[in-house]
Structures are given as structure tokens and as C-alpha cells.
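Below is one structure, written out as C-alpha cells, with a few remarks after it.
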Amino acid sequence: MPLHPQMQAMRDRRRDEDVPPLYTLSVEEAREADLASIQADAGVPEPVYRVDNRRIRGPAGLMPLRVYRPRRRGPLPALVYFFGGGWTLGSIDTSDAICRSLANVADCVVVVPGYRLAPEWKFPAAVEDCYAAVQWVERSAARIGVDPDRLAVGGDSAGGNLAAAVTLLSRDRGGPKLAGQVLVYPNTDHAANDQSMRENADPYLFNQTSVAWYWNHYLPRKADGRNPLASPLRASDHSGLPPALVITAEYDPLRDQGERYAKRLARAGVPVQLSRYDGMAHGFFAMGGILDAGKQAITEASDQLRTWFGSSFK
802 MPLHPQMQAM
812 RDRRRDEDVP
822 PLYTLSVEEA
832 READLASIQA
842 DAGVPEPVYR
852 VDNRRIRGPA
862 GLMPLRVYRP
872 RRRGPLPALV
882 YFFGGGWTLG
892 SIDTSDAICR
902 SLANVADCVV
912 VVPGYRLAPE
922 WKFPAAVEDC
932 YAAVQWVERS
942 AARIGVDPDR
952 LAVGGDSAGG
962 NLAAAVTLLS
972 RDRGGPKLAG
982 QVLVYPNTDH
992 AANDQSMREN
1002 ADPYLFNQTS
1012 VAWYWNHYLP
1022 RKADGRNPLA
1032 SPLRASDHSG
1042 LPPALVITAE
1052 YDPLRDQGER
1062 YAKRLARAGV
1072 PVQLSRYDGM
1082 AHGFFAMGGI
1092 LDAGKQAITE
1102 ASDQLRTWFG
1112 SSFK
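Residues 802 to 1115 in this note's numbering are what the sequence shown spells out, letter by letter.
Right under this line is the structure:
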């Protein structure tokens, strides 16, 4: 189907305003422009019961971390959410609206680590930070009012990539045990050269050039893209991973690799729900202020989290 009218309007607005692609800017300029665009399209952030900003001990020193709590009573299940931005852009503030909505609709605590960004810190710095944040949530469960037996991970774009990588680490390093993983249009293969990657070249949307720009900042060497913690699709074994919800967008260069990952998980015996949003482009999950599909996807993710948290992990 063609771009959804709401997505088409957003794309045309970028064209009419001559908004430069992020990959034509310096990293600092791109970080500023990316945050401003996301905050403008996210709508008014929902109120939650409480938001705490903390600093925890990470692999390279103190790491910022934000905790969203939807209500006072607990303990509540928890989602550790990793923001997107190609491992290069983004911050805790990038996912603020998403995390507030997820906390309220899924009725869970949402924890967001401020992991280290490339190119200052290249792979695997972000992966190790995100894994350390999940470990901290499990260790600190009583202190922050969380049920350590109902813990999930999730993220969008590069955040989805990091969530998938964290599930591999959690399995291979003996924990924490995870109830599920929400992967929203995740990067899963550095070397992907599939139909969606070749077809999506619109300069006013996330495109194949965007993907290459981010990978070039993130990887120390091209060969590192073969590492399963960078490209989870390349893991030799996907068995024993937590249940997954994989959300993709029709007009997204990452669509096919995200859907291949869902199929790979299913073949390994992992329960998977794959949900493609037709007419949508990459980034729609963060655009609930202007796209009905963004709100719908938040609800879908929240419903899936409630199912996981309400099952045997209770």
C-alpha cells in the first residue's frame, strides 16, 4: 500500500521545510535535530506517578538512568527500555514519551539507561552498558519496587538491536531471566542487502544511507559487524531466548532483517509475534503525537507486556 496519509503528510512537511537528512550534519548537529524532531512528533508526554533520575555504576563509570513508575503500589513488573538513534544519537529524553505511555498502559515500571554513544564509544560499549542496566534492575528490585521475576527488555531501532543483544548475553551469562523482548524495527544484520534495504532511499525518510551512516559510527571495524552482539541475526543459536514481539514498518530499510529475525527466533522454538505496520516508515513508534499507528503500536506492545508479566512469571 502507499504511505499512510498521516505519514505522507509528515514526509511532505519535511520536504517543504527542506529538512536536511541527519547524515548530512555533524554528529552534534544531528543529535540536537533528532531530539527536537522526536519531541515535536511525540505529542504531550503523559503524566506518570513518579520519575526518578539516578546514576548507577556501569562498565565505564557512572551511567545515568531514569525510572518511570505508573503507580505507588507494588512491586510491579519492569521493562528496561533502550532508546533508538543508531547507537550515535539519542538520550534518555529521546524515549521519554514512549516510556511514559508504556508505563501507564502496560502498568509496569520502565527503566531507561543512558548508555554510551558512538563514535565516542564504539561497539560493544552500548551493549555492555545495557546489560549492566538490566543486572542493576534485578539487583535493585526491592529498592525500586520491582518484581525481579517479571523483567523484560525492549527498544526501537538501535534500541531494538541492543535489546536483542542483551537477551543473548542474559542467556549465555546465566541471567537475568527475562520474561520477554519487544523489538521495534530492530537492526539485526550489519550486512543486510535485502529488498527493503535496496528500495527505501527516500531522502526525507529513514533510508539505506541513514543505516550505513550509523553503522560506520558504531563499529570499530567492518568485521565487527559479524559479531552476534552487533548483528543478532548472525548468532549461531537462538534457542532459549525469551518470547518476542517484533514490530516492523512497510517503508523501512530495516523491515526485512527484522522479519527475518522473527522467523529465525520462531524456528529456534521461541514464541514470536510479528506485526508489520503497512503504510508506515521507520520511526513511527515514536510519533504518537501525529500518527495514530504510533499509538496503536504502543498499545500492542503494552498488551504483549501485560500477557508476559501476567503469565508464569508472576
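Ideal Cβ placement from N, Cα and C applies to all residues, glycine included.
Task: Cut-off 6 Å between Cβ atoms - residues of its own chain near Asp1079, not counting five sequence neighbours on either side - done: Met802 and Glu1051
Task: Same chain, Cβ closer than 6 Å to Gly981, five either side skipped, listed in chain order - done: Ala953, Pro1043, Pro1044 and Trp1109
Open item on the list: Quick check on DSSP: helix, strand or coil for Met1081?
Closed with: strand
TODO: Taking Val820 as part of the beta strand (DSSP E), name the residues at either end of that continuous run.
DONE: No beta strand (DSSP E) contains Val820, which DSSP labels as neither H nor E.
- [ ] May I have a chain-ordered list of the beta strand (DSSP E) segments no shorter than 3 residues that lie completely inside the region 1028–1106?
- [x] List check, beta strand (DSSP E) in window: 1045–1052 and 1073–1082.
TODO: Find the nearest neighbour of Pro871 within the set Asp817, Pro848 and Tyr882, judged by alpha-carbon distance.
DONE: Selected option, being the one with the closest Cα: Pro848.
Open item on the list: Can you give me the C-alpha to C-alpha distance between Tyr824 and Gly1026, rounded to a whole angstrom?
Closed with: 20 Å
Task: Range of the contiguous alpha helix (DSSP H) that encloses Asp897 - done: Asp897 to Ala907
Task: Given Arg901 as reference, the closest of Gly885, Ala927 and Pro846 once Cα atoms are compared - done: Nearest option by C-alpha distance: Pro846.
TODO: Find the nearest neighbour of Met808 within the set Arg1107, His1083 and Ala927, judged by alpha-carbon distance.
DONE: His1083
- [ ] Note down, in chain order, each residue of its chain lying with its Cβ closer than 6 Å to the Cβ of Phe1114, except the 5 sequence neighbours on either side.
- [x] With a pLDDT of only 36 at Phe1114, under the threshold of 50, the placement of this residue in the model should not be trusted; the figure read from the coordinates follows. Around Phe1114, the same chain offers Asp950, Arg951 and Ala980 as residues with beta carbons nearer than 6 Å, after the five sequence neighbours per side are excluded.
Task: Simplified DSSP state of Asn962, which is helix, strand or coil - done: helix
Task: Best match in Val1047, Asp1053 and Arg1056 for proximity to Leu1066 [C-alpha to C-alpha] - done: Val1047
TODO: Would you kindly check if the distance between the Cβ of Val985 and the Cβ of Phe1122 is under 9 Å?
DONE: Given a span of 802 to 1115 for the chain in the structure shown, any question on residue 1122 remains unanswerable.
Task: Burial state of Tyr850 (16 or more Cβ within 10 Å) - done: exposed
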